[in-house]
Amino acid sequence: MWGFYFDELIRSLPFFLKGVWMTVAVSGLSLVAGSIIGFICGILRAGKSKILRVIIGAWVDVVRGTPFLVQVFIVFFILPSAGIELKAFPAAVIALSNLTASFICEIVASGILSVPKGQREAATSSGLSSYQQLRYIVMPQAMRAIMPPLVGQYVLLIKDSSVVSAIGVVDITRVGWLTVQRIPEGIMVFGLVGILYFCVCYPLINLSSYLEKRMTVMTVKL
Amino acid sequence: MISFKNVNKWYGDLHVLNNINLEVDAGEVVVVCGPSGSGKSTLIRCINRLEPIQKGELVVDGMAVHDKKVNMTKIRADIGFVFQSFNLYPHMTALQNVTIAPIKVRKLNKKKAEELGREKLTRVGLKDRINSYPAQLSGGQQQRVAIARGLCMEPKIMLFDEPTSALDPEMIGEVLDVMRSLAKGGMTMMVVTHEMGFAREVASRVVFMDEGQIVEVAPPLEFFKNPQTERGKNFLSSILSH
């Protein structure tokens, strides 16, 4: 019995690899877009403008306070009623980028705020502009606090991407759903799904703990 | 060089600077003293607008610091500021600490800036610590790097906010020596400090503050020998008695 399904599963491997590719594509694009938006918003959230701080704070609260599945549905099913029609793939990338950006925003903002106030005062006193202070004084120090949780967030992003299978994106999870209809061995099929996610995430998990160690050592050294 | 006219500042209801009037001429060394919470630090932090003032006029080197429209970047570049807690950049070596502003603000090329940085670090006695990171330096050495960082901008004024208060006693001397030699070189300085020996020796005038007001301004010998006010007497007896 097992043997038969196992051969079947092996024959489905190319299909699974397509799913892996889709997961990597959705996650990768969201990682880049989410990082860019998240860094910009995080810098503004730790900045001087109160209006921007409040607006970004409200956005973060809304994104964090609603289930990701609902956010995906809003982008895919509700935006079209406002005249914005999206295919599943771009809808998935938009929703996932938005989610990631909100978390990265908070990581970046708290990293920036962890740099002692005196650093900015010293830079201000030397005549460095706000941009120069950020670029040369604040960010290099903030990155130490930002890097480890940032990579951790990337791992979460890959795992959260499984939710977009709900709108028909054929990622690893969706491939699992489709395969299990032909091969009724849930443990085996979703065992494979789990292994594949792990293979994608594992290098990042390693990177995360490496950075965590390295950043701690650097802080101690300084 | 620095001119306070009826300067007032509040933190909420707290009147931290109360009608300050003070003129500091070029080449003068003015020591500001007074009990904690008297507004000394605030006073000198207003000069490069680390703290804004709410009322009055504050003119530094011909520029109106009280005017919110005035761009402070240029004035700040001409004023060195030394903090109690050094505030060196921990991710940069001593040389990088002192050259970043000359490169980015004065637009010196890297080679010229490093030449300048070496010269100033040598001047404060840290020739052999040029490539050390702040964490590898003692408190006294860090504070001397901070002074060199100010000097690299070839400032017209140097401000010191309790530069020795965070130092172990055996390191105070080396920092004061550098400040002494600066003062003798004709630098315009305002120094908030409790080092009365330093004040006696190099100050042109001592400003005594209490509760946000300037209570007395006098040459050091006069102030220490014969303070004119009750508050001045009390302050002196409290810091000189131990």
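If you're matching them up, the sequences are chains A and B in order.
Note that the first sequence covers residues -14 to 207 in the numbering used here.
Note that the second sequence covers residues 3 to 244 in the numbering used here.
From the three backbone atoms N, C-alpha and C, an ideal C-beta is built for every residue, glycine too.
Fair warning: this is a prediction, and the values are worked out from it, not measured in the lab.
Count the other CB atoms within 10 Å of the CB of residue i; is the residue buried (16 or more) or exposed (fewer)?
i: B:T231; result: exposed
i: A:V160; result: buried
i: A:Q104; result: buried
i: B:Q145; result: buried
i: A:P210; result: Chain A is shown from -14 up to 207; residue 210 of chain A falls before or after that span and cannot be answered.
i: A:I36; result: exposed
i: B:S183; result: exposed
i: B:R207; result: buried
i: A:L207; result: Because A:L207 carries a pLDDT of 44, less than 50, the predicted location of this residue cannot be relied on, and no value is offered for it.
i: A:G234; result: Residue numbering for chain A in the displayed model covers -14 to 207; residue 234 of chain A lies beyond these limits and cannot be assessed.
i: A:D(-8); result: exposed
i: A:A94; result: buried
i: A:R199; result: exposed
i: A:F61; result: buried
i: B:T190; result: buried
i: A:R(-4); result: exposed
i: A:Y195; result: exposed
i: A:A43; result: exposed
i: A:V11; result: buried
i: A:V205; result: Low confidence applies to A:V205: its pLDDT is 48, below 50, so where it sits in the model is not reliable enough to give any reading.
i: B:G188; result: exposed
i: A:D156; result: buried
i: B:Q98; result: buried
i: A:L(-2); result: exposed
i: B:L90; result: buried
i: B:E117; result: exposed
What are the boundary residues of the alpha helix (DSSP H) that residue i is part of?
i: A:D46; result: K35 to R49
i: B:E156; result: Unbroken run through B:E156: none, as it is neither H nor E.
i: B:M198; result: M198 to V204
i: B:Y135; result: Taken as a continuous stretch (DSSP letters only), B:Y135 belongs to no alpha helix (DSSP H), as it is neither H nor E.
i: A:S110; result: K102 to S110
i: A:Q126; result: M124 to D145
i: B:V177; result: P171 to K186
i: A:S20; result: L(-2) to R30
i: B:L123; result: K112 to R125
i: B:K235; result: E232 to L242
i: B:K42; result: K42 to I49
i: A:A77; result: A73 to L98
i: B:M94; result: Segment: none, B:M94 is in no alpha helix (DSSP H) and carries neither H nor E.
i: B:A168; result: It is not in any alpha helix (DSSP H) - B:A168 carries neither H nor E in the DSSP assignment.
Span of the beta strand (DSSP E) holding residue i?
i: B:P60; result: What sits at residue 60 of chain B in the sequence shown is Leu, not Pro. Unbroken beta strand (DSSP E) run through B:L60: K57 to V62.
Within the 8 angstroms Cβ cut-off, does residue i reach chain E?
i: A:G96; result: This model lacks chain E altogether, as its protein chains are A and B.
What does DSSP give as the partner residues of residue i in its beta bridges?
i: B:F210; result: B:C35 and B:E218
i: B:H17; result: B:W12
i: B:F162; result: B:V84 and B:V193
i: B:E25; result: B:S5
i: B:A66; result: B:V61
Round the Cβ separation of residue i and residue j to the nearest angstrom and send it over; I've been treating them as touching at under 8 angstroms.
i: A:A127; j: A:S99; result: 7 angstroms
i: B:S245; j: B:D163; result: Past the boundaries of the shown model lies residue 245 of chain B; chain B is included only from 3 to 244, so the question cannot be answered.
i: B:F225; j: B:F210; result: 7 angstroms
i: A:A108; j: A:Q118; result: 4 angstroms
i: B:L161; j: B:F83; result: 5 angstroms
i: A:I172; j: A:Y(-10); result: About 10 angstroms separates the two Cβ atoms, so there is no contact after all.
i: A:L189; j: A:Y139; result: 5 angstroms
i: B:I81; j: B:I49; result: 7 angstroms
i: A:V185; j: A:V9; result: 6 angstroms
i: B:R202; j: B:P171; result: Wrong, their Cβ atoms sit about 18 angstroms apart, outside the cutoff.
i: B:P92; j: B:A150; result: Not quite, the Cβ-Cβ distance comes to about 16 angstroms (not below 8 angstroms), so this is no contact.
i: A:G112; j: B:T75; result: 5 angstroms
i: B:V180; j: B:V126; result: 5 angstroms
i: A:P133; j: A:S193; result: 6 angstroms
Would the beta-carbon of residue i be found less than 7 angstroms away from any heavy atom of the ligand GTP?
i: A:Y139; result: No copy of the ligand GTP occurs in the structure displayed, which carries no ligand at all.
Inset, instruction - State whether the region 64 to 73 of chain B contacts the region 17 to 25 of chain B, with contact taken as three or more CB pairs (one from each stretch) at a distance under 8 angstroms. - result: The region 17 to 25 of chain B and the region 64 to 73 of chain B do not touch, with fewer than three beta-carbon pairs separated by less than 8 angstroms.
Legend entry - Inter-stretch contact at 8 angstroms, needing at least 3 Cβ pairs: the region 211 to 226 of chain B / the region 50 to 58 of chain B: Segment contact: the region 211 to 226 of chain B against the region 50 to 58 of chain B, fewer than three CB-CB distances shorter than 8 angstroms; contact not assigned.
Inset, instruction - Kindly confirm or deny that the region 182 to 196 of chain B and the region 30 to 40 of chain B touch, where touching means at least three C-beta pairs closer than 8 angstroms. - result: yes
Legend entry - Sufficient close CB pairs (3 or more, under 8 angstroms) joining the region 79 to 89 of chain A to the region 3 to 21 of chain A: yes
Inset, instruction - Count the CB pairs spanning the region 71 to 82 of chain A and the region 147 to 157 of chain A that are closer than 8 angstroms, and state whether there are at least three. - result: yes
Inset, instruction - Report yes or no: do three or more beta-carbon pairs, one from the region 106 to 122 of chain B and one from the region 162 to 179 of chain B, lie closer than 8 angstroms? - result: No contact exists between the region 106 to 122 of chain B and the region 162 to 179 of chain B.
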